[in-house]
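Peer 1: So the number in the working numbering is just where the residue sits in the sequence shown, counting from 1, plus 1. Backbone N, C-alpha and C define an ideal beta-carbon position, used for all residues, glycine too.
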Amino acid sequence: MTNTKGKRRGTRYMFSRPFRKHGVVPLATYMRIYKKGDIVDIKGMGTVQKGMPHKCYHGKTGRVYNVTQHAVGIVVNKQVKGKILAKRINVRIEHIKHSKSRDSFLKRVKENDQ
């Protein structure tokens, strides 16, 4: 048998929910506010299939460039052959979260100022 070429090929563990985290998505996920310029981490949530990013963007960090009612536009760097391209993708808010890399950067800036 040959390998399938589907969109979700090889994502058995990537999109699975953690132990005791199955079922309804917490409301706090929908209450988070995203603004242009925010740095976000992309992590696909298997319970919500709509607006899910492709598996190649799982674990990537990007910058928000557009905000709509249900989704967020993100600029992500992706390597294609020998080049690194800035790709623009639209992802629903269930599949992203605020990145902690920005917090560590602000903490270092604050320590350097003192």
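For Met46, is the classification buried or exposed, using 16 other Cβ atoms within 10 angstroms of its Cβ as the cut-off for buried?
Peer 2: Met46 should be labelled buried.
Peer 1: Using only the alpha-carbon positions, how far apart do Thr5 and Gly11 sit?
Peer 2: Looking at the two C-alpha atoms, the distance is approximately 10 Å.
Peer 1: How would you label Pro54, buried or exposed, when you count the other beta carbons within 10 angstroms and need 16 or more for buried?
Peer 2: Buried: at least 16 other Cβ atoms inside 10 Å.
Peer 1: For the alpha helix (DSSP H) that Arg109 lies in, which residues bound it at each end?
Peer 2: Looking at the DSSP string, the run of the alpha helix (DSSP H) that includes Arg109 is 102-114.
Peer 1: Among all the DSSP beta bridges, which residues are the ones paired with Lys98?
Peer 2: The partner list for Lys98 (beta bridge, DSSP) reads Asp42.
Peer 1: Check Lys8 in the structure and name its three-state DSSP category.
Peer 2: Here Lys8 sits in coil by DSSP.
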